[in-house]
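Chains as they are written, first to last, in this note's numbering: chain G, -11 to 88; chain Y, 1427 to 1893.
From the three backbone atoms N, C-alpha and C, an ideal C-beta is built for every residue, glycine too.
Take a look at the structure set out below.
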Amino acid sequence: MLEWITANQQIIYIVILMIFVGIEVIGHVPSVLHTPLMSGANAIHGVVIIGSIIVMGKAQPDNYLALILGFLAVIVGTLNVVGGFVVTDRMLKMFRKKSK
Amino acid sequence: MDILTLCYIIASVTFILGLKMLSHPATARNGNLLAAAGMTIAILGTIFLYQDGQGNKLHNYLWIFGGIAIGSVVGTMAAKKVKMTAMPQMVSLFNGMGGLCAALISIVEFDELVNHPGGEIQAGFLAIILLGLVIGTVSFAGSMVAWGKLDGRVKDFSFPGQHIVNILILLVMVALSIYLVINFSAANAYIFYVILALAVIYGLVFVFPIGGADMPVVISLLNSFTGVAAACGGFLYDNKVMLTGGILVGAAGTLLTLLMCKAMNRSLLNVLIGSFGGSAKGGAAGAKVQGSVKEISLSDAAFVMSYAHKVIIVPGYGLAVAQAQHACHELEKLLESKGVEVKYAIHPVAGRMPGHMNVLLAESDVAYEKLLEMEQANEEFPTTDVVLILGANDVVNPAAKTDPASPIYGMPILDVELAKTVIVNKRSMKPGYAGIENDLFFRPKTSMLFGDAKKVLQDLAAEVKNL
């Protein structure tokens, strides 16, 4: 266990710090922005697409499972990223017009 | 590799700044665009610059770009076409896609471990694969149910002892995972797929019984789940941007979930156990309400509103389903032209998601300053002549204050009864989303105006015009 922590200390530091950053940056969000914020955060976790690109990109030509599932993963990952950002932008576009 | 590292650092910073800017009205839109730009840099950087431990570059470019092209076209179309009222289920659907992506990554990586063993398998590595699988799958299955429910395709479903079954499934999943991590071999690889199946079932039964007002909380929670699942991917590939983005969303999503629970004055545990969904409780609470309701005609309603000094409109989900936000704005303008002060009182959990009503009303050009948050609205009700409730129910239910047996007891509500007159527009006397009766409708100050919100508002506007 201790060895594992030592070997992965960089990652563990990132995890701990990001938990605090995540809580801190949205701490004072007004309730009117809850839905766009949830939607924006939803788009950001679409970063998982990078994992699917790596899976797809390393898949050997004879490894059909990796090819098919990887391809599917790239599609749904892109859906998450693109759909998420576009929906958020659509919501926020309406807000900005009003706040002037 | 160096340039890729730089790409990832830039992307991580844009995620943090983007989230920060998203939480202020003035900067929100740019924040979203900034995060999107960072994401683009990270994706392109990965495709062209990524090298594995042996220095091999990625291949299968055709597949990668094909997948991205399909996902982009479908995602953009879906996001552009969706109606503003269907926004919550859209977010849920996209969230589910992210969860599915994380789960698929875990499945492929596990298959690699079994069929192409390279060197010693680390227990930590396997544990992370399993964690990504379970969280991603639960998030996917749960989001699909949440989407189906909000879209009206799936009904609430529960059976006696369901919570115990849920907990049992969870325990079995954890036990199997621990067993597999300790005793991993190609022979018992099937356990992985048993865990996968259990995770699907758990995701379904986890969300199925949770009904009503809790759906936004569930979506927000599943959103943070997917964040954690993405971070598991970051762990697997030692990829800092996945780790940063995932944990960031995991933490922010959890806080957002808690903020929503707080708005309803309930604990997260209470939501998760799903005590709200049971219809038995709602029936019991409903039996107590007695008395008769008073109806008001369109012309009378138009009359009292036209001659009022101040009218406050309380929008709810009924307004959203009827697509009545434009009709509502029309009525507002007509009343203002007659010298009536019109404002909107927005309960933090009105509609299906916090902020849902703000988004809808903003769409139909309602001025930002006219939207009152709950505290402001409650201060203004005593000086208000008419409160017009449009398809809202639970957020104005006095049982939240007076009836300790009510499932929504303790939730802060809009004190509409402080106003002189209350007009409630509803389609029928059916209880609201939380499945409980509302005493307010039987009070002497209240009159009911039945009908579809959009039609009623258009008719009201016509009546006001003729006065």
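Per DSSP, reduced to three states, the secondary structure at Y/Gln1477 is strand. For Y/Phe1520, a Cβ of chain G is located within less than 9 Å of the residue's own Cβ.
Chain Y places no beta carbon closer than 9 Å to that of G/Leu(-10), leaving this residue out of the contacts. For Y/Val1571 and Y/Leu1630, the gap between their C-alpha atoms comes out near 7 Å. For Y/Asn1609, the closest C-alpha among the options Y/Ala1549, Y/Pro1838, Y/Val1792 and Y/Val1821 is that of Y/Ala1549. Of the residues Y/Glu1801, Y/Asn1784 and Y/Val1768, the one whose Cα lies closest to the Cα of Y/Val1813 is Y/Val1768. About 7 Å separates the beta carbon of Y/Ala1746 from that of Y/His1782, a gap short enough to meet the 8 Å contact definition.
Annotated three-state conformation of Y/Thr1872 is strand, per DSSP.
The beta carbon of Y/Asp1878 sits closer than 7 Å to the beta carbons of Ala1748 and Arg1853 from its chain, once the five residues preceding and following it are set aside; these are given in chain order. DSSP places Y/Glu1799 in the uninterrupted beta strand (DSSP E) bounded by Leu1797 to Glu1799. For Y/Ala1437, the three-state secondary structure derived from DSSP is helix. The way I'd put it, the stretch 4 to 15 of chain G doesn't touch the stretch 51 to 60 of chain G; fewer than three beta-carbon pairs between them come closer than 8 Å. Residue-level contact by beta carbon fails for G/Thr(-6) and chain Y, as no gap is shorter than 9 Å.
When the five nearest sequence neighbours on each side are left out, the beta carbons in the same chain lying within less than 6 Å of the beta carbon of Y/Val1540 are those of Ala1612 and Ala1615, in order along the chain. When C-beta distances to chain Y are compared with 9 Å, the residues of the stretch 30 to 51 of chain G below that value are Asn30, Ala31, Ile32, His33, Gly34, Val35, Val36, Ile37, Ile38, Gly39, Ser40, Ile41, Ile42, Val43, Met44, Gly45, Lys46, Ala47, Gln48, Pro49 and Asn51, in chain order. Measuring C-alpha to C-alpha distances from Y/Lys1509 to each of Y/Val1821, Y/Asp1577 and Y/Ala1728 identifies Y/Asp1577 as the nearest. Under the Cβ distance rule, Y/Trp1573 does not count among the residues neighbouring chain G, no pair being separated by less than 9 Å. The secondary-structure analysis by DSSP pairs Y/Tyr1733 with nothing; it has no beta-bridge partner.
Between Y/Cys1754 and chain G, the shortest Cβ-Cβ separation is not below 9 Å.
Non-local beta-carbon contacts of Y/Ile1739 in its own chain, meaning distances under 6 Å to residues more than five positions away in sequence, involve Tyr1770 and Leu1814 in chain order.
Against chain G, the CB of Y/Asp1478 has a partner CB under 9 Å away; the residue lies at that interface. Short of 6 Å from the beta carbon of Y/Val1848, and not among the five residues preceding or following it, lie these beta carbons of its own chain, in chain order: Val1813, Val1842, Lys1871 and Thr1872. Under the 9 Å criterion on CB atoms, Y/Asn1784 is classed as interfacial with respect to chain G. Contacts with chain G at 9 Å (Cβ-Cβ) include Y/Met1668. Below the 7 Å Cβ cutoff, chain G contributes His33 as neighbours of Y/Thr1652, in chain order.
Note on geometry: alpha-carbon atoms of Y/Ile1561 and Y/Leu1840 lie some 37 Å from one another.
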